[in-house]
Amino acid sequence: MLHLQLRVPDGRLDRVVALLTGDDTVTNVAVFPDGYRKPPGALVLADVAREGANPVVAALRALDLHHDGSIMLSEPGTLFSDATAAAEEAAPGEPDDGIVWDIVENRVRKDSRLTWSYLSFLVLATLIAGAGRLLDQPILIVGAMVVGPEFSPVAAICLALARPRLALLPAAVRTLVLGFAIAIAIATPLWWIGYVSGLVSAQDAATGELTEFIIKPDAWSFVIALLAGIAGVLSLTASKSGPLVGVFISVTTVPAVGTIALCLGTGVWSEVGGAAVQLGVNVLGMLVAGTATLWVQRAVWSRVHRGARAGAF
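Numbering (the working numbering), first residue to last: 19 to 331.
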């Protein structure tokens, strides 16, 4: 179940209440006519089945409630009620499979911004990955994969293409491209300082059998990126963070960026191209699979909701 909190301006309260009380997937409707003081408006509370939230939110948007009032969706921790169980039974599909597109869009929009925290995590991940390649330590490569935040803008691009929500595209592309560029621009001179001071050698940067996969992309690189893209999008739409860790340590994006910076800083030009191709292959695979997965989910749930509405008449 999702908890719905609305600020309803004057003149629309009756229509909002009729909308909520007339939907079998909505329950626990409470109305406080003068519940808001700044800005003024009625406070309406309700619980809606996750699987039925999209049509309800769309209907509220059609009343311009997101412009003149406010719509807030939240997930309650634990809820015991026969009424909510009945509302979930009335909704199509299973609760865990329900996708609330507004929640997904809000999450990727927020997480894909080019912020200081995003850049900090990406730069740290790039440096850890470079150290992993230098020392030929896969455990450091895995650590860098977990720290890297780059899947957020990838997911935003997928959503922008699949929904479509093209307004998301420029910011997400900028975050992805500039993030990698800035991380390389910061890490490269640090590795160069280590190189000229004798702490890092070109030979160490160019050797390492355990991490050689970073500079040698193949067909499996693309296949794994496809699978990771599917898993990442499913994790995002299901609001389950656990599988995302598996996505982070499956794709070779941050390791490739870290290797590029290391090789540029130590003058190992021969490995820059392989790492760059590895980066491109992984990003492309995630974009293709993520966009296709979201498109399929959108098509399936649109058909489910149309069938549910047709069955109600």
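Positions of the beta carbon are idealized from the N, C-alpha and C atoms, including for glycine. Every value quoted in this text rests on a predicted model; they were computed, and no experiment measured them.
So, at 7 Å on beta carbons, what are the nonlocal neighbours of residue i in its own chain, with the 5 sequence-adjacent residues on each side left out?
{"i": "P167", "result": "Y136, F139, L140"}
{"i": "L132", "result": "R192, T193, L196, G197"}
{"i": "G29", "result": "none"}
{"i": "V299", "result": "P235, S239, F240, A243"}
{"i": "V218", "result": "L152, W209, G212, T284"}
{"i": "F266", "result": "M163, V164, G166, F169"}
{"i": "G87", "result": "L24, R25, V26, P27, G59"}
{"i": "I117", "result": "T255, Q315, W319"}
Over what stretch of residues does the beta strand (DSSP E) that includes residue i continue unbroken?
{"i": "L91", "result": "88-92"}
{"i": "T45", "result": "44-55"}
{"i": "P58", "result": "58-66"}
{"i": "V26", "result": "20-26"}
Please check the pair residue i and residue j, which I expect to be a contact at CB under 8 Å, by giving their CB distance rounded to whole angstroms.
{"i": "M304", "j": "G250", "result": "7 Å"}
{"i": "A279", "j": "T144", "result": "6 Å"}
{"i": "I200", "j": "V275", "result": "That pair is no contact at about 10 Å."}
{"i": "A190", "j": "V272", "result": "Contact doesn't hold; Cβ gap of about 17 Å is too wide."}
{"i": "V301", "j": "V172", "result": "7 Å"}
{"i": "V44", "j": "V66", "result": "5 Å"}
{"i": "T309", "j": "A180", "result": "5 Å"}
{"i": "A108", "j": "D42", "result": "4 Å"}
{"i": "Q296", "j": "I233", "result": "7 Å"}
Starting from residue i and walking both ways along the alpha helix (DSSP H), at which residues does that stretch end?
{"i": "F240", "result": "237-255"}
{"i": "L97", "result": "Taken as a continuous stretch (DSSP letters only), L97 belongs to no alpha helix (DSSP H), as it is neither H nor E."}
{"i": "T225", "result": "Segment: none, T225 is in no alpha helix (DSSP H) and carries neither H nor E."}
{"i": "I211", "result": "187-214"}
{"i": "G274", "result": "The displayed chain sequence assigns Ala, not Gly, to residue 274. Taken as a continuous stretch (DSSP letters only), the alpha helix (DSSP H) holding A274 covers 272-284."}
{"i": "K234", "result": "Per DSSP, K234 belongs to no alpha helix (DSSP H) and is neither H nor E."}
{"i": "R30", "result": "No alpha helix (DSSP H) holds R30; DSSP gives it neither H nor E."}
{"i": "I121", "result": "119-129"}
{"i": "L140", "result": "134-153"}
{"i": "G161", "result": "156-165"}
{"i": "L81", "result": "Here L81 belongs to no alpha helix (DSSP H), and DSSP marks it neither H nor E."}
{"i": "L177", "result": "169-180"}
Who are the Cβ neighbours of residue i in its own chain at under 6 Å, not counting the five residues just before and after it?
{"i": "F331", "result": "Low per-residue confidence applies at F331: pLDDT is 42, beneath 50, and the placement is therefore not dependable, though the value from the model is reported in the following sentence. There are no such residues."}
{"i": "D129", "result": "S170"}
{"i": "I248", "result": "A307, T311"}
{"i": "P94", "result": "H21"}
{"i": "V269", "result": "A243, A246, N300"}
Give every residue of the same chain whose Cβ lies closer than 8 Å to the Cβ of residue i, excluding the five residues on either side of it in the sequence, and list them in chain order.
{"i": "P156", "result": "G150, L228, T229"}
{"i": "L254", "result": "V122, R125, V126, A173, L262"}
{"i": "S92", "result": "L20, H21, Q23"}
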